[in-house]
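Asker: The listed protein sequences derive, respectively, from chains A and B. Using our numbering, the letters of the first sequence correspond one by one to residues 1 to 647. Using our numbering, the letters of the second sequence correspond one by one to residues 1001 to 1102. Please read through the structure below; I'll follow up with questions.
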Amino acid sequence: MYLFAPYIVALPLAGFLLNGLFGKKFASEKISGAIGAGVIGIAFALAAAIFAEMLASPPESRSHVVSLFSWIAAGSLTVDWAYQIDQLSILMTLIVTGVGFLIHLYSIGYMHGDPAFWRFFAYLNLFIVMMLNLVMANNFVLMFLGWEGVGLCSYLLIGFWHDRKFDTGGYAPGTATTADAAKKAFIVNRIGDFGFLIAIFMIFQQFSSVRFDEVFLKASAVTVQGDKTMFWITLLLFLGATGKSAQIPLYIWLPDAMAGPTPVSALIHAATMVTAGVYMVARCALLYALSPATMSIVAIIGTATAFFAATMGLVQNDIKKVLAYSTVSQLGYMFMGLGVGAFTAGIFHVMTHAFFKALLFLGAGSVIHAMHDEQDITAMGGLKTTMPTTYKTFFVAALAISGIPPLAGFFSKDEILFRTFAEGSILLWLVGWVTAGMTAFYMFRLVILTFEGTPRWGHDKHPHESPVLMTLPLVILGVLSVIGGFTGVPQALGGSNALERWLEPVFAKATEHLTRIHETSVTMEYFLMILSVVAGVAGIFVARGVFSKPERIGRVPASAWYRLLWRKYYVDEVYDAAVVTPVVRGSEKLLWRGFDVNVIDGIVNGTAKLIDLGSQQIRKLQAGVVQVYAVTFVLGILIILGILILK
Amino acid sequence: MDQIPLSYYLILSAALFSIGVAGVLTRRNAIIVFMCIELMLNSVNLTLIAFSSFFGNPAGQVLVFFVMAVAAAEAAVGLAIIIAIFRNKQTVDIQDINILKW
């Protein structure tokens, strides 16, 4: 079955080509949708078959490399187009194709009637191709191809409705279109990609290979822990991760990425692409284990991002913006887990987050669809009765993300928090714990404002439950959000922690290098669990208490703190003043009007002018008078004769 | 009777050629310029025949026939051009025929 692995990538590629080249000719939503969703469905089935075979084989023979062809061969650099099938990549492949398939199905309903329906599915399929390249690559270069490819697709899909107006939330109001949001995402990502690229160069220079297995082998053989080069390599890799996975300081693009169609937000900006950074750090776990300093940075950045994003999520009124900040915050948790050496917990949270966050976004999409593109939750309310399926699934997902047992989010988030505590990072744990409470608060603020209370929308709106193509994925993801956590039930709760044992071979080498500081008791684990549940429940009840009073909804408190959160800590403004404006001004004044107009154009036009001036003089020789020419001939001949004679 | 020395022929030829060059460069009437060109050609012919006779090599005289044939053709074409120009501009003054320029 392993040999079929390339088809997992080839099928979506075929879907992309079919829809991209002939989608307009099909002129049929049924054909485009069937191709787009069908290829992902088959790819998921293939991945599931491979997964089943891996389950049946012993742990040491579960890792395979399928090499297709030699891609780049230049001097000592050889890069194969090769796919690595192991416990980690198959897990990611299942998430990407599985959640991807559900979102493709949903999109058939959501995008119904869009004039560029076929283009949407072509982009979505291309995204899946690139994401699979990213997670299945067996070397850094192919991973980078996927990394860039998903960035491109993200750009294309955020700006899918490129002429629509887009609200940046108080910053540069009224002028922005979704194309601007797309550009922002692309350019901010580019900064991270720069770090990733430099890291690849350094890795090749250091280990003269870009293949994961060779690099990791040489790294653990020749590098001592705390090596300076390793610090820079891992730090630059992490810079790439902060871009793609929206961490401080490069998280600013993700909230604006909500300008894209909602299925895109669900697939790319919640479930899969933004977890690429987490996957990459987990894949390079060994390198990070060799550089404890970077591990600390990862943990601190992750925790800080989780906290700050959650505070910003508290006050947002756009249903998708709340979810966007929630995504940034949850990604922070994942990096927090990775940073303290709990690689499995990080990946576990990637998986459960993919389920419930995709569900939340799809639910939000369902609401937006029903409310005729209304996204402001202060103008919703009371949708519980009109949209029962959406409400129920959304509620389940909100419980899951709030960490209420036994739903998926509880196990993964608790695992991260527990491991953080166990590694001795009490402060990080505390921040993470507070964030868990805030998560529950803003999620239930969202649920209450959207679905409960009395309707606050106008008479022109007629909300209705979405078609079955849209509610079916909601229900499936709802079930996954409930049961997804049982793959990683910790031993303390009588579970077997199947996921940890499954991923153990991948992270074995890395964990060898990590020294466990604290051994904690089971009692401690119970205590921490109870504390996180208390935080979640408290968040829910505070939200209920605050927003059950209708007069509180949509009212803007006058406090400075609220303003600070509402304006998102003025980070966009600071970046604009510190980076964007200088670059734009510098480009305009210095590079464009200074260098380009004066120097470049000066050289080109100057050459032309010089030739023109010379020609003005030389052309006077051609007077048209034959005798002048004849005199010139004679003089020439005389000179030549003179030279010959005198010589 | 003594032979006329070669240098006499060459001096005469050079004189004729110089007269021709002077005429080409100074005269304004196209017909006269034309005649001066013929004069230059014939002065060259004279040189060729003089050398041919002096060195006993007939190749020079053969070359003269070619020059005369080409000169005849040139005369025909040249006169035709002059006639065409005259019909156009009512003049054969080559100072006035100067439209072939920038």
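Just so you know, even glycine gets a beta-carbon here, dropped at the ideal spot from N, CA and C.
#1: Could you have a look at Lys165 (chain A) and say whether DSSP puts it in helix, strand or coil?
#2: What in chain A is Cβ-close to Ile1099 (chain B), meaning under 9 Å?
#3: So which residues of chain B does Ala617 (chain A) contact, with C-beta pairs closer than 8 Å?
#4: Distance cutoff 8 Å, beta carbons only. Does Gln1061 (chain B) sit that close to anything in chain A?
#5: So what does DSSP say about His372 (chain A), is it helix, strand or coil?
#6: Spell out the partners DSSP gives Arg211 (chain A) in its beta bridges.
#7: Relative to the C-alpha of Ala1014 (chain B), which residue among B:Leu1041, B:Ile1004, B:Phe1034, B:Asn1088 is closest?
#8: Assign Ser366 (chain A) to one of three DSSP states: helix, strand, or coil.
#9: Assign Thr471 (chain A) to one of three DSSP states: helix, strand, or coil.
#10: Within 10 angstroms of its Cβ, does Ile233 (chain A) collect 16 or more other Cβ (buried), or is it exposed?
#11: Give me the Cβ distance between Gly337 (chain A) and Ile248 (chain A), rounded to the nearest whole Å; I'm assuming they're in contact under 8 Å.
#12: For Ile72 (chain A), write down the residues that DSSP places opposite it in a beta bridge.
#13: Let me see if you follow: with CB-CB separation under 8 Å, is Val631 (chain A) close to chain B or not?
#14: So that I know if they touch, is there some Cβ in chain A lying closer than 8 Å to that of Leu1025 (chain B)?
#15: Quick check: is the beta carbon of Ile1094 (chain B) nearer than 8 Å to any beta carbon in chain A?
#16: Relative to the C-alpha of Thr389 (chain A), which residue among A:Val367, A:Ala116, A:Phe26, A:Ile301 is closest?
#17: Would Val1021 (chain B) count as contacting chain A if we go by Cβ distances under 8 Å?
#18: For Glu214 (chain A), which residues of its own chain have a beta-carbon under 8 Å away from its beta-carbon, when the five flanking residues on both sides are left out?
#19: Which residue spans inside the segment 472-533 of chain A form an unbroken alpha helix (DSSP H) run of at least 4?
#20: Expressed to the nearest angstrom, what Euclidean distance is found between the alpha-carbon atoms of Leu17 (chain A) and Gly381 (chain A)?
#21: In the DSSP assignment, what are the bridge partners of Gln84 (chain A)?
#22: How is Asn317 (chain A) classed by DSSP in three states: helix, strand or coil?
#23: Quick one: Cα of Thr439 (chain A) to Cα of Ser70 (chain A), how far?
#24: For the alpha helix (DSSP H) that Tyr391 (chain A) lies in, which residues bound it at each end?
#25: I'd like to confirm the pairing. Which residues does DSSP put opposite Thr177 (chain A) in its beta bridges?
#26: From what residue to what residue does the alpha helix (DSSP H) around Arg283 (chain A) run?
#27: Can you have a look at Arg552 (chain A) and say buried or exposed, based on whether 16 or more other CB atoms are within 10 angstroms of its CB?
#28: So with CB distances below 7 Å, who are the chain B contacts of Val597 (chain A)?
#29: Starting from the C-beta of Val542 (chain A), find all residues in its chain whose C-beta is less than 6 Å away, skip the five residues before and the five after it, and write them out in chain order.
#30: Check the DSSP bridge columns for Asp1093 (chain B) and list the partner residues they point to.
#31: Any idea if Leu1070 (chain B) is buried or exposed, counting beta-carbon neighbours within 10 angstroms, 16 or more meaning buried?
#32: Note down the Cα distance separating Asn138 (chain A) from Pro455 (chain A), rounded to an integer number of angstroms.
#33: To the nearest angstrom, report how far apart Gln1061 (chain B) and Gly614 (chain A) are at their CA atoms.
#34: Give me the residue from A:Tyr7, A:Met92, A:Gln87 with the minimum Cα distance to His353 (chain A).
#35: Identify which residue in A:Ala436, A:Gly594, A:Tyr279, A:Val626 has its Cα closest to the Cα of Thr303 (chain A).
#36: Look at Ala398 (chain A) and Met443 (chain A) and say whether their C-beta atoms are less than 8 Å apart.
Answerer: Let's see:
#1: Stepping through the first sequence from its first residue, residue 165 (chain A) is reached at position 165. Of the three classes helix, strand and coil, the one that applies to Lys165 (chain A) here is strand, per DSSP.
#2: Locating residue 1099 (chain B) in the second sequence gives position 99, where the first residue counts as 1. Chain A residues near Ile1099 (chain B): Gly624.
#3: Counting from 1 along the first sequence, the entry for residue 617 (chain A) is found at position 617. Per the sequence presented here, residue 617 (chain A) reads as Gln, with Ala not at that position. For Gln617 (chain A), no chain B residue has a C-beta closer than 8 Å to its own C-beta; the minimum C-beta separation is roughly 12 Å.
#4: Position 61 of the second sequence, counted from the first residue, corresponds to residue 1061 (chain B). Gln1061 (chain B) does not count as touching chain A.
#5: Against the first sequence, residue 372 (chain A) aligns to sequence position 372. Collapsing the DSSP output to three states places His372 (chain A) in coil.
#6: Start at 1 with the first residue of the first sequence, and residue 211 (chain A) comes out as number 211. Its beta-bridge partners are A:Asn139.
#7: Counted from its first residue, the second sequence places residue 1014 (chain B) at position 14. The shortest C-alpha to C-alpha distance from Ala1014 (chain B) to any of B:Leu1041, B:Ile1004, B:Phe1034, B:Asn1088 is the one to B:Leu1041.
#8: Stepping through the first sequence from its first residue, residue 366 (chain A) is reached at position 366. Looking at Ser366 (chain A) - three-state DSSP - the assignment turns out to be helix.
#9: Indexing the first sequence from 1 puts residue 471 (chain A) at position 471. In the structure shown, the three-state DSSP call for Thr471 (chain A) is helix.
#10: In the first sequence, counting from the first residue as 1, residue 233 (chain A) sits at position 233. Buried is the call here.
#11: Within the first sequence, the letter at position 337 stands for residue 337 (chain A). Within the first sequence, the letter at position 248 stands for residue 248 (chain A). The Cβ separation is near 16 Å, so there is no contact.
#12: The count along the first sequence starts at 1 and reaches residue 72 (chain A) at position 72. Beta-bridge annotation (DSSP): Ile72 (chain A) is paired with A:Val79.
#13: As a first step, residue 631 (chain A) is located in the first sequence; it is residue number 631 there, counting from the start. So, interface residue.
#14: Within the second sequence, the letter at position 25 stands for residue 1025 (chain B). Yes - at least one Cβ of chain A is within 8 Å of the one on Leu1025 (chain B).
#15: Here residue 1094 (chain B) is taken as the residue at index 94 of the second sequence, counted from 1. Taking a beta-carbon distance threshold of 8 Å, Ile1094 (chain B) counts as an interface residue toward chain A.
#16: Numbered from its first residue, the first sequence carries residue 389 (chain A) at position 389. Closest by alpha carbon: A:Val367.
#17: Within the second sequence, the letter at position 21 stands for residue 1021 (chain B). Under the Cβ distance rule, Val1021 (chain B) counts among the residues neighbouring chain A, one pair being separated by less than 8 Å.
#18: Stepping through the first sequence from its first residue, residue 214 (chain A) is reached at position 214. So the list reads Phe207, once near-sequence residues are dropped.
#19: Entirely contained in the segment 472-533 of chain A, the alpha helix (DSSP H) runs reaching 4 residues are, in chain order, 498-513.
#20: To locate residue 17 (chain A), count along the first sequence from 1; it is residue 17. To locate residue 381 (chain A), count along the first sequence from 1; it is residue 381. Looking at the two C-alpha atoms, the distance is approximately 42 Å.
#21: As a working mapping, residue 84 (chain A) is identified with position 84 in the first sequence. Looking at the DSSP assignment, Gln84 (chain A) forms a beta bridge with A:Val65.
#22: As a first step, residue 317 (chain A) is located in the first sequence; it is residue number 317 there, counting from the start. Of the three classes helix, strand and coil, the one that applies to Asn317 (chain A) here is coil, per DSSP.
#23: As a first step, residue 439 (chain A) must be located in the first sequence, where it is residue number 439. As a first step, residue 70 (chain A) must be located in the first sequence, where it is residue number 70. Straight-line Cα distance between these residues: approximately 47 Å.
#24: Taking the first residue of the first sequence as 1, we reach residue 391 (chain A) at position 391. 388-402 is the span of the alpha helix (DSSP H), which, as asked, contains Tyr391 (chain A).
#25: Locating residue 177 (chain A) in the first sequence gives position 177, where the first residue counts as 1. Here Thr177 (chain A) is bridged, per DSSP, to A:Lys165.
#26: On the first sequence, position 283 is the one that residue 283 (chain A) refers to. For Arg283 (chain A), the enclosing alpha helix (DSSP H) starts and ends at 276-283.
#27: In the first sequence, residue 552 (chain A) corresponds to position 552, counting from 1. Looking at its Cβ environment, which holds fewer than 16 other Cβ atoms inside 10 Å, Arg552 (chain A) is exposed.
#28: Counting from one through the first sequence, the residue named residue 597 (chain A) turns up at place 597. Residues of chain B whose Cβ lies closer than 7 Å to the Cβ of Val597 (chain A) do not exist, since the nearest Cβ in that chain is about 32 Å away.
#29: Numbered from 1 along the first sequence, position 542 holds the residue referred to as residue 542 (chain A). The beta carbon of Val542 (chain A) sits closer than 6 Å to the beta carbons of Phe441 from its chain, once the five residues preceding and following it are set aside; these are given in chain order.
#30: Numbered from its first residue, the second sequence carries residue 1093 (chain B) at position 93. Beta-bridge pairing links Asp1093 (chain B) to B:Asn1029.
#31: For the purposes of this step, residue 1070 (chain B) is identified with residue 70 of the second sequence, where counting begins at 1. Contrary to the premise, residue 1070 (chain B) reads as Val rather than Leu in this sequence. Val1070 (chain B) is exposed by the Cβ-count criterion.
#32: Looking up residue 138 (chain A) in the first sequence gives position 138. Looking up residue 455 (chain A) in the first sequence gives position 455. Their Cα atoms are separated by approximately 53 Å.
#33: On the second sequence, position 61 is the one that residue 1061 (chain B) refers to. On the first sequence, position 614 is the one that residue 614 (chain A) refers to. Between the alpha carbons of Gln1061 (chain B) and Gly614 (chain A) lies a gap of roughly 49 Å.
#34: In the first sequence, the residue the question calls residue 353 (chain A) occupies position 353. Measuring from the Cα of His353 (chain A), the nearest candidate turns out to be A:Met92.
#35: Within the first sequence, numbered from 1, the residue matching residue 303 (chain A) stands at position 303. For Thr303 (chain A), the nearest C-alpha among the options comes from A:Ala436.
#36: Position 398 of the first sequence holds residue 398 (chain A). Position 443 of the first sequence holds residue 443 (chain A). A Cβ-Cβ contact shorter than 8 Å links Ala398 (chain A) with Met443 (chain A).
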